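J.:
Number of protein chains: 2
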Amino acid sequence: MTSSCIIRHFEHYAELGPEEKELLASLEKAPKSFPKGSLVWQQGMDSDYFFTVHSGWACSLRNMENGSRQVLDFYVPGDVIGLREFAFRRRISNMMTITDAILCPFPKQHLTDLFARSRLLCNLFFMMAARDQAILIERLINLGRRSAREKVAHFLLEMAHRLDKACADIADCNHLPLTQVLMADALGLSTVHVNRTLNELKQQSLTASASDGVVILDREQLSKVAGFDPEYLQEDVESLLHNISDAPTLVNNSSGG
Amino acid sequence: MTSSCIIRHFEHYAELGPEEKELLASLEKAPKSFPKGSLVWQQGMDSDYFFTVHSGWACSLRNMENGSRQVLDFYVPGDVIGLREFAFRRRISNMMTITDAILCPFPKQHLTDLFARSRLLCNLFFMMAARDQAILIERLINLGRRSAREKVAHFLLEMAHRLDKACADIADCNHLPLTQVLMADALGLSTVHVNRTLNELKQQSLTASASDGVVILDREQLSKVAGFDPEYLQEDVESLLHNISDAPTLVNNSSGG
DNA sequence: CGATGGATTGACAATATTCAAAGACAGTGG
DNA sequence: CCACTGTCTTTGAATATTGTCAATCCATCG
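Protein chains in written order, with the numbering used here: chain D, 1 to 257; chain E, 258 to 514.
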């Protein structure tokens, strides 16, 4: 089918040598198709695969004993999902598609191998893990110290920015396929309150609703409402690459010198 | 002074070869002493160093425009702090000591070098980054979908468990040097409400207060209150090591085979 | 001893939740 | 083309939870 989506993703950050491409390609099994609402994995299962998101959206979530749930993060095309489970034998959260999606699995145990073979890829993976953390802490701030209005606004903007970077070419980045229920569970609010908050924003023409989700109309104004600063989404690939080429060469990989 | 605290930390996870010890030791500058309340680093500064916590507690936090703040995580002896900043040129949050503390700095740019030289250390660092994420998502769930009572209880238990693993030998792990203000800022609550919640717990003899913090009296009962499950704190080092020894040897590092 | 940082309290207000019911909309099958 | 179904959205009223303000208390420290 489509050629390796993992390669496409990493090329987004740095130029890859032929060996690196080969390495990445070898990790990737056939892309797998998941209809909307599929459980990609479930808490407690063996964490044996990572995935890249080729198309569609997914989210990780945790079901609580009392029936409520917390959505931890959403994933858009280009994202790598599951790195968080590297430290654990079993999955620590559920992963669900929220639109029809195509995901590209690759086995977790090969990551260790890859780390040894390509310094560049190793560093890029580490960078992605760090970025994931940055996103999580911003979500933490969102949950802890912002009003419902700010929460909704900030969240929408984050997702739009992530779309910008990942797939400005193939999608309308102001159009987010999110139900109010999902947003509520992500923001720690009730559905009813998300609805009311969203309606406020609509009345000010900052957002609108589409048949299958939310639409951002006015990013600038919305940024003011949210106090949004996209800095935490901008990785510093440049100095990473610089560090890599500075370090003594011990491994026989390419990636110029 | 003290011999390398980084080595001590990593030996907690796996047996290190002499080369790995050397590598780690070379990273570490002289341990540095910080009085209680020091700003170790500030948002926006160059993120050029990581630290291990040798003694004392620290926390990362973000100051909000409206004067409030969000504490992101606390760090206890043995923790590595700053991995999150790997992807970024500038620090994305503040780091502050909350007791007198000794931290061991090591330069960020050497991490890349280290990744190339020791497969074991590379994987362990990656594992720690994944664990950090696990802690963050648990804090997320805490903020999003638990009552004040559950928040406080869950948080106290997490910190106690982390102390258990890190320094059961040198400290009373039920004794946490946390003010109510800090807890409030970590849990997204007001100080007043933390106080009331804590008083409830005290009246049920689940916790008590000491001159310099909180004391956990009854972990079992508190776990019930919180719905606490420590699984997310247990890394699976064993299968990680297994994966490492399975992977083909390309790098000239030790760590048996 | 006064100064400081933290803990505690009460009264009141704001914010968000719950419950329950109805409306909108797309997809399905007759 | 229409009724039927399921999912998502919208609304109102009552309630619960948590926040704010302001004052007091308490211990520690120089």
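Positions of the beta carbon are idealized from the N, C-alpha and C atoms, including for glycine. Computed from a predicted model, the values in this text were never measured in an experiment.
1) Between D:Leu114, D:Glu200, D:Ile135, D:Met45, which lies nearest to Met95 (chain D) when the distance is taken from Cα to Cα?
2) Does Cys379 (chain E) come out as helix, strand or coil in the three-state DSSP assignment?
3) Below 6 Å CB to CB, which residues in the same chain sit around Ile81 (chain D) once its five sequence neighbours on both sides are set aside?
4) Look up Ala271 (chain E) in the DSSP assignment and say whether it is helix, strand or coil.
5) So is Ala25 (chain D) in contact with chain E if we call contact Cβ pairs under 9 Å?
6) Apart from the five residues just before and just after Glu229 (chain D), which ones in its own chain have a Cβ nearer than 7 Å to its Cβ?
7) Express the C-alpha separation of Lys36 (chain D) and Ile501 (chain E) in angstroms, rounding to a whole number.
8) Using only alpha-carbon positions, find the residue among E:Phe291, E:Leu433, E:Arg406, E:Ala465 that is nearest to Arg419 (chain E).
9) Let me see if you follow: with CB-CB separation under 9 Å, is Arg350 (chain E) close to chain D or not?
10) Work out the CA separation of Tyr306 (chain E) and Ser55 (chain D) for me, nearest whole Å.
11) For Leu176 (chain D), name the three-state secondary structure that DSSP assigns.
12) In angstroms, rounded to a whole number, what distance separates the CA positions of Met281 (chain E) and Asp389 (chain E)?
13) Check the C-beta distance from Arg406 (chain E) over to Glu457 (chain E) and give it rounded, since I have them as a contact under 8 Å.
14) What residues in the stretch 365-383 of chain E bring their beta carbon closer than 7 Å to a beta carbon of chain D?
15) Between the C-alpha atoms of Ile394 (chain E) and Leu136 (chain D), what's the straight-line distance to the nearest angstrom?
16) Check whether the stretch 359-379 of chain E touches the stretch 265-277 of chain E, taking contact to mean three or more Cβ pairs, one atom from each stretch, closer than 8 Å.
17) Enumerate, from N- to C-terminal direction, the unbroken beta strand (DSSP E) stretches of 3 or more residues contained entirely within the stretch 334-362 of chain E.
18) Return the CA-CA distance between Arg8 (chain D) and Cys173 (chain D), expressed in angstroms with no decimal places.
19) Determine whether the beta carbon atoms of Gln70 (chain D) and Leu397 (chain E) lie at a separation below 9 Å.
20) Hey, is Asp503 (chain E)'s beta-carbon within less than 9 Å of any beta-carbon in chain D?
21) Bridge partners for Cys167 (chain D) per DSSP, in chain order?
22) State the start and end residues of the unbroken alpha helix (DSSP H) segment that holds Leu241 (chain D).
23) How long is the line joining the alpha carbons of Ile102 (chain D) and Ala423 (chain E), rounded to whole angstroms?
24) What does DSSP give as the partner residue(s) for Asn320 (chain E) in the beta ladder?
25) Could you work out which residue in D:Glu28, D:Ala226, D:Leu72 is closest to Ser323 (chain D) when comparing CA atoms only?
26) Is there a Cβ of chain D sitting closer than 9 Å to that of Arg346 (chain E), yes or no?
27) DSSP has Val472 (chain E) in a bridge; who is on the other side?
28) State yes or no: is the beta carbon of Leu414 (chain E) nearer than 9 Å to at least one beta carbon in chain D?
29) Take Val482 (chain E) and list the residues in its own chain whose beta-carbon comes closer than 6 Å to its own, dropping the five residues that flank it on each side.
T.: Answer, in terms of the structure:
1) D:Met45
2) helix
3) Phe51, Tyr75
4) coil
5) no
6) It should be pointed out that residue 229 (chain D) corresponds to Asp in this sequence rather than to Glu. For Asp229 (chain D), where only same-chain residues beyond five positions count, there are no Cβ hits under 7 Å.
7) 36 Å
8) E:Leu433
9) Just to set this straight, residue 350 (chain E) is Ser in the shown sequence, not Arg. Interface residue, yes.
10) 37 Å
11) strand
12) Note that residue 281 (chain E) corresponds to Leu in the displayed sequence, not to Met. Rounded to whole angstroms, the gap between the alpha carbons of Leu281 (chain E) and Asp389 (chain E) is 20 Å.
13) 7 Å
14) Gln366, Thr369, Asp370, Phe372, Ala373, Arg374, Arg376, Cys379, Asn380, Phe383
15) 7 Å
16) yes
17) Counting whole runs of 3 or more residues, the stretch 334-362 of chain E contains the beta strand (DSSP E) stretches 351-354.
18) Distance from the CA atom of Arg8 (chain D) to the CA atom of Cys173 (chain D), rounded to whole angstroms, is 19 Å.
19) yes
20) Yes, its Cβ sits closer than 9 Å to a Cβ of chain D.
21) None, per the DSSP bridge assignment.
22) Residue range 237-246 is occupied by the alpha helix (DSSP H) that includes Leu241 (chain D).
23) 41 Å
24) BP columns for Asn320 (chain E) point to E:Arg326.
25) Nothing can be reported for residue 323 (chain D), as the shown portion of chain D is limited to 1 through 257.
26) yes
27) DSSP, once it has assigned bridges, lists E:His432, E:Ala465 as partnering Val472 (chain E).
28) For Leu414 (chain E), no CB of chain D lies under 9 Å from its own CB, so it is not counted at the interface with that chain.
29) Ala410
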